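Undergrad:
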């Protein structure tokens, strides 16, 4: 997820607790564990919020670790939109496959301060072949929940595909070490759907 760390952590906290807290340490990496009740098995999510700035090798490691991505930019900050585009390129460079992604345009309530048009966001979503959501983390939970529900649907489809084919397309196409691919696949089978979500971002949000 692109954007200033405090806003991205606010997204994660809003999703997990339904509360809005806007003040966070932008330079601190956070891992959130969240369980969702399901008819058969509870879903366990690991949500990684990285620090605002990170070395290229750290970003690559996070991209290869993640099963899905939320890329976020602010409609009031064009540089965050450009950073989202750059991160999209990084994700596809390291994964080279269909990977669950959701594009989020935050601060939709600040219409008079808009610096990125809705059409530009739709064009980027078209390039990424992924859904796009415009929302305001500060205004409420519903849109945040719908965004994560969409990502979970994509993750479930990927999980079913992995069980059916016996491979994980994203990992295989990325040239991931065979041992790492096997560990991830067996881990998911054993846990019945423990998915990891990474949100990478810049400090421009």
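In the numbering used here, the protein residues as written are 765 to 969.
For every residue, glycine included, the Cβ atom is placed at its ideal position computed from N, Cα and C.
Predicted, not measured: the structure shown is a model, and the values here were computed from it.
1. Spell out a yes or no on whether the segment 868 to 883 and the segment 912 to 923 are touching, meaning 3 or more CB-CB pairs, one atom from each, closer than 8 Å.
2. Does the beta-carbon of residue 875 have 16 or more other beta-carbons within 10 angstroms, so that it is buried, or is it exposed?
3. Hey, is residue 888 close to the ligand HEM, as in C-beta under 7 Å from one of its heavy atoms?
4. With burial defined as no fewer than 16 other Cβ atoms inside 10 Å of the residue's Cβ, what is the status of residue 786: buried or exposed?
5. Spatial neighbours of residue 858 within its chain, please: CB distance less than 7 Å, with the 5 preceding and 5 following residues excluded, ordered by chain position.
6. Is residue 728 helix, strand or coil by DSSP?
7. Could you say which of 793, 792 and 811 lies nearest to residue 799 if we only look at CA atoms?
8. Residues in the same chain with beta-carbon distance under 6 Å from residue 898, minus the five sequence neighbours each way, listed in chain order, please.
9. When the distance is taken between beta carbons, is residue 815 closer than 8 Å to residue 792?
10. Cβ of residue 845 within 8 Å of Cβ of residue 884?
11. Specify the secondary structure class of residue 899 as computed by DSSP and reduced to three states.
12. I'd like the span of the beta strand (DSSP E) that includes residue 794, first residue to last.
13. Does any residue of chain C have a CB that is nearer than 8 Å to the CB of residue 866?
14. Below 8 Å CB to CB, which residues in the same chain sit around residue 888 once its five sequence neighbours on both sides are set aside?
15. Consult DSSP for residue 779 and reduce its assignment to one of helix, strand or coil.
16. By Cβ distance below 7 Å, which residues in the same chain neighbour residue 892 in space, the five residues on each side in sequence not counted?
17. Could you give the DSSP three-state label for residue 874: helix, strand or coil?
18. Do you know offhand how far residue 773's Cα is from residue 783's?
19. Could you tell me how far apart the beta carbons of residue 913 and residue 879 are, in whole angstroms, since I believe they sit closer than 8 Å?
20. Taking only three categories from DSSP, how would you classify residue 813?
TA: By the coordinates alone:
1. no
2. exposed
3. Absent from the structure shown: the ligand HEM. Ligands present: none.
4. exposed
5. 824, 827, 828 and 938
6. Outside the shown range of the chain (765 to 969) lies residue 728, about which nothing can therefore be said.
7. 811
8. 869 and 872
9. yes
10. yes
11. coil
12. 794 to 800
13. In the structure shown, chain C does not exist; there is a single protein chain.
14. 845, 848, 849, 852, 867 and 896
15. helix
16. 852, 865 and 867
17. coil
18. 12 Å
19. Not quite, the Cβ-Cβ distance comes to about 28 Å (not below 8 Å), so this is no contact.
20. strand
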